[in-house]
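Structure (structure tokens):
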């Protein structure tokens, strides 16, 4: 799980932001556990995190780039594929995580509404050299992922797990947080 973002639009400390009585980071961690997937949290040394049952892997302070979290995770995965999940996806269901983790392709990315979400996908270890090269150039994440020709899980496939717009709600600001709270309350 990636938790190294600054969370400026939420006032900082994104991972610890409260949502229905729990820290935001706890929701995707619980979904990973329910899917039977071993979790590790990748974050900056100065990232504020709640007490977690998962191992925390500290990424370099610079650059501040989402590719750094993916590269760090792959470097620590001992040659295993990595399922990347951002800490701000509180509604992602365990079944979707399990399906992504089991995908045979080197790179599989969720793409709700046809828009690839590189922070929810499975990355094979063979991609590490290309990702490291893109990171050195600080290439935009979406461009890097597009160049790797991922398999995209679009709405027809995502719909088997629920409404794609809700499942992959990315909490980036107070309005997103309020929407996530309302969706959780309606379940």
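Numbering (my numbering), first residue to last: 23 to 209. We put the beta carbon where it would ideally sit given N, CA and C, even for glycine.
Within the segment 119-180, the complete alpha helix (DSSP H) runs of at least 4 residues fall at 150-158, 163-169 and 177-180. Listed in chain order, the alpha helix (DSSP H) runs fully inside the segment 23-101 are 48-56 and 88-98, counting runs of at least 4 residues.
Residue pairing for residue 202: DSSP places it in no beta bridge.
Nearest Cα to residue 146 within the set 57, 102, 169 and 163: 102.
In the displayed model, residue 189 falls within a helix according to three-state DSSP. In the DSSP assignment, the residues bridged to residue 106 are 143.
Residue 25 and residue 68 have their C-alpha atoms some 11 Å from each other. Non-local beta-carbon contacts of residue 83 in its own chain, meaning distances under 7 Å to residues more than five positions away in sequence, involve 66 and 67 in chain order. A direct Cα-to-Cα measurement between residue 205 and residue 87 gives close to 30 Å. By the C-beta criterion, the segment 71-85 is judged not to be in contact with the segment 123-141, since fewer than 3 inter-stretch pairs fall below 8 Å.
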